[in-house]
Each structure stands twice: as structure tokens, then as C-alpha cells.
Amino acid sequence: MLHYRRWVVGLSLAAAIVASSAAGVAQAQAVLVERAMPAPLAEAAPPPPRVGVAWVPGHWVWRGNEWFWARGHYVEGVVPAMPAAMMEAPPPRPSPAHFWVRGHWGWESGRWNWRPGLWFHP
């Protein structure tokens, strides 16, 4: 009887290990489908039209369902450098049809604004 109990305990332990390994594999196989931002376009700033203006460099922004190049332009005042991108951990994918759009900075209302990442369904 003691031999039987050891066998059952050993088998249960082995099953638990296999189950936890399978869960780990399933998690490792989770796919992050991303619509990556294109590489920046080469854009040279033309000479400033007047004193007191600053150049806002061109940059990619997500609009509607695609990346859109916001062309560089001059604005009144000072333009700080675009901040570094923030690291985001996306929440679980809502469905296989969704893809991830990373968060990014966009120039709006006279300053750089962070636009958080989102799952997008085309």
C-alpha cells in the first residue's frame, strides 16, 4: 500500500510539473503583433522665416488606422527636444484581429504630448 501511495504522489507531482510547464509555454508563445512606426523621414529645416520662431521636427503620429508623417514646421517660441519614448507593457491582446500601436510623442498645443499605446482593430 505504501508503494502505491508513493506512486500516486509521484505521478501527481509529475502531472503538476507538466501542467505548469505547458502554461509557461503558452505564455511564452503569446504573440505581440505590432504595427511598427516607420523610420523617420529625412527632412531639413528651411531657413527661419523670422526671428523668434523655432523648428518642430517632423515625426510620425498614429491617425485613424495608419501612421502619418507630421511635417516639420516653425512655431513661435522655443521647442524643446522630443522626449525619449516611454516603455509600455501592453495589456493582453483583445482578439487575434487586433495589433499593437506603440505610444509616441506628438507636438500639440505648443508642447510634446505623449499618446499612449493602444490595441487597434482595423
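The sequence shown runs -28 to -1, 1 to 94 under mature numbering (1 follows the signal peptide of the UniProt record, and there is no 0). Beta carbons: idealized from backbone N, C-alpha and C, even for Gly.
Please list the terminal residues of the continuous beta strand (DSSP E) segment that includes residue i.
i	result
Gly78	His76 to Glu80
Ala42	Glu38 to Ala42
Ala26	Val25 to Val28
Could you compute how far the alpha carbon of residue i sits from the alpha carbon of residue j?
i	j	result
Ser81	Pro29	15 Å
Glu15	Pro68	36 Å
Ala57	Gly75	8 Å
Trp79	Trp32	10 Å
Pro10	Trp39	8 Å
Per DSSP, which residues does residue i bridge with? Please list them.
i	result
Ala16	BP columns for Ala16 are empty, so no partner.
Using 8 Å for Cβ pairs, my map puts residue i next to residue j. What's the rounded Cβ distance?
i	j	result
Trp59	Trp77	Before going on, a small fix: residue 59 reads as Met here, not Trp. Not quite, the Cβ-Cβ distance comes to about 13 Å (not below 8 Å), so this is no contact.
residue 163	Phe71	There is no way to answer for residue 163, as the model of the chain reaches only from -28 to 94.
Ile73	Trp41	Note that residue 73 is Val in the sequence shown here, rather than Ile. Their Cβ separation, rounded to whole angstroms, is 15 Å, which puts Val73 and Trp41 out of contact at 8 Å.
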